[in-house]
Amino acid sequence: MKVALVHDYLTQAGGAERVVAAFHEMYPEAPLYTSVYDADKTLACFKKMDIRTSFLQSWPLASRRLHKLALALYPMAFEQFDLDAFDVVLSSSSSFAKGVITGPDTCHICYCHTPARFAWRQHGYLANSPLLRLLSPLMRGTLKDLRMWDVDSTNRIDYIVANSYNVARRIRKFYRREAAAVIHPPVETKKYSIAPPDEVGDHFLVVSRLLGYKRIDLAIEACNRLGHPLRIVGTGPEMKALQKIAGPTVTFMGGLSDDKVALEYGRCRALILPGEEDFGITPLEAMASGRPVIAFGAGGALETVIDGGTGLFFRDQTVESLAAALRSALQTDFAPQVLRSHAMQFDSAVFQRKMMNFVQAVLEHERRDSLTHFSRLKGSSDAADLSFETSPWIRKEAEVRL
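In terms of my numbering, the sequence shown is residues 36 to 437.
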């Protein structure tokens, strides 16, 4: 079986890129198609892979810093890939990778991290960049066209796997179709361990890209109000704005290596997740380190955090609500081994097993469907009278119940 992998762009090292790395472990011979690749800014494991980039690789506007100005070119970049030689195309997408064009004999399975933010959450998308805020009157026409392309390209996908029930709901709302399954993203739990009690501090922790919708400002303001230590790991365009509102108990750690981030998880009192995430890997990484999570009770956190068991929810996205949850956390004891056991349910091995089973189930279904349809054609004296029935969605590992 010939498999091709497709991903939006390899210019950062986030949860989506770790999904692609897990796909490559499943199919080590598969080439990886992407729009642009920057080896210095993404996971080191990609250096060993057969990376095939688009024409955007040589365009300066396609760099990570300026790629939003080249959005209109990305559909063309993915549609020009020739994937006819492959039996299965497995795309990892939150924007353009799902738009590849496959032949009639190729099965395209898309692992959807979220419907494209530029298409369906334009106000927040434009607000995340000072440059885009300036150009927003000009960008809106482009984004409208891209939204139409986003819907059309989604119709070409054979099967969609959602990374969470939260995202499955968005797929239903925006694309008017069901996800075939929900399979949560992988957590490399072996990278994390429970720290000795004498190494655990009293400070809170945030691990995040510093973007507006992540609402890091809430964590800062709440810790300012409590006078409690907060460490922030990560970089991003909101860094300077956040530093301006930070009090003396807030420390910006910048970007850290995976090993150092793992140490930070194990030594914190609790992780704070102040924004609404599509799914959110960091809560599970913290729990794999035996540390609880204080999360906004919405989005992906509802699928990873057990309120009162592995962490606490704050219900309103306000400083007052978060500060109250932090006070409660300081008075609550959580069992580190219980937290780690919960995180193990999302381990990489579990993810890979579910994905492999799903792919095999889909291919077996497609084979049976093709044989059934061929038999009907062969037995009919007038093939034009036959009506082809669309195959039902496969729900092999996790049925979407919304």
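Beta carbons are placed, not taken as given, at the ideal position from N, Cα and C, and that holds for glycine. Owing to the predicted nature of the structure, the values given are computational and were not obtained by experimental measurement.
Distance, Ser363 Cα to Phe348 Cα: 10 Å
Integer Cβ distance of Leu319 from Phe381, believed to fall under 8 Å: 5 Å
Every unbroken beta strand (DSSP E) within the stretch 200–268, with a cutoff of 3 residues, ordered by chain: 239–242 and 265–268
Alpha carbon of Lys279 to alpha carbon of Gln352, nearest angstrom: When the Cα atoms are used, Lys279 and Gln352 turn out to be separated by approximately 21 Å.
Buried versus exposed, by CB contacts within 10 Å (16 or more), Leu412: Residue confidence is low: Leu412 scores 48 on pLDDT, short of 50, so the model does not pin down where it sits. Its coordinate-derived value is still stated next. Exposed, because fewer than 16 other Cβ atoms sit within 10 Å of the Cβ of Leu412.
Proximal residues to Arg266 (C-beta, below 6 Å), its chain only, five neighbours per side dropped: Closer than 6 Å at the Cβ level, and outside the excluded window around Arg266, lie His238, Leu240, Thr286 and Met288.
Nonlocal neighbours in the same chain, by C-beta distance under 7 Å from Ala358, ignoring five residues either side: Ala257, Arg260 and Leu261
Proximal residues to Ala330 (C-beta, below 7 Å), its chain only, five neighbours per side dropped: Cβ contact annotation for Ala330 (same chain, cutoff 7 Å, sequence separation greater than five): Leu308, Pro318, Ala336, Val340, Gly346 and Phe348, in chain order.
Inter-stretch contact (C-beta, 8 Å, three-pair minimum) for the stretch 368–387 and the stretch 268–275: no
Nearest candidate by alpha-carbon position, reference His30, set Ala79, Thr177 and Ala215: No answer is possible for residue 30: it lies beyond the span of the chain, which begins at 36 and ends at 437.
Chain-order list of residues whose beta-carbon lies under 7 Å from that of Gly269 (same chain, five-residue window excluded): Val242, Ser243, Arg244, Leu245 and Gly290
Bridge partners - Asp382, DSSP secondary structure assignment: Among the bridge pairs identified by DSSP, Asp382 is matched with Val222.
Pro66 versus Ala370: straight-line alpha-carbon distance, rounded: Their backbone Cα atoms lie some 43 Å apart in a straight line.
Exposure label - His148; buried when at least 16 CB within 10 Å: Counting the other CB atoms within 10 Å of its CB gives His148 a total of 16 or more, which places it among the buried residues.
Nearest-angstrom Cα separation, counted from Met111 out to Met183: Looking at the two C-alpha atoms, the distance is approximately 14 Å.
Beta-bridge partners of Leu306, as assigned by DSSP: Leu240 and Val328
Neighbour-count burial assignment, Pro139, 16 or more Cβ in a 10 Å radius: exposed
Reference Ser129; option with closest CA among Ile229, Val196 and Thr141: Val196
For Asp119, the nearest candidate out of Ser89, Ser126, Thr367 and Thr141 (CA to CA): Thr141
Alpha carbon of Ala39 to alpha carbon of Ala396, nearest angstrom: 18 Å
Ala323 beta carbon less than 9 Å from that of Ala222: According to the sequence as given, residue 222 is Val; it is not Ala. Yes, the Cβ-Cβ distance between Val222 and Ala323 is below 9 Å.
Backbone secondary structure at Arg87 - three-state DSSP: In the structure shown, Arg87 sits in a strand (DSSP, three-state: E or B).
Delimiting residues of the alpha helix (DSSP H) encompassing Tyr109: Tyr109 to Glu114
CB contact flag (Phe116, Ile136, <9 Å): One thing to note: Phe116 has its Cβ within 9 Å of the Cβ of Ile136.
Counted within 10 angstroms of its Cβ, other Cβ atoms place Pro20 as buried (16 or more) or exposed: Limits of the chain in this structure are 36 at one end and 437 at the other, which puts residue 20 out of reach.
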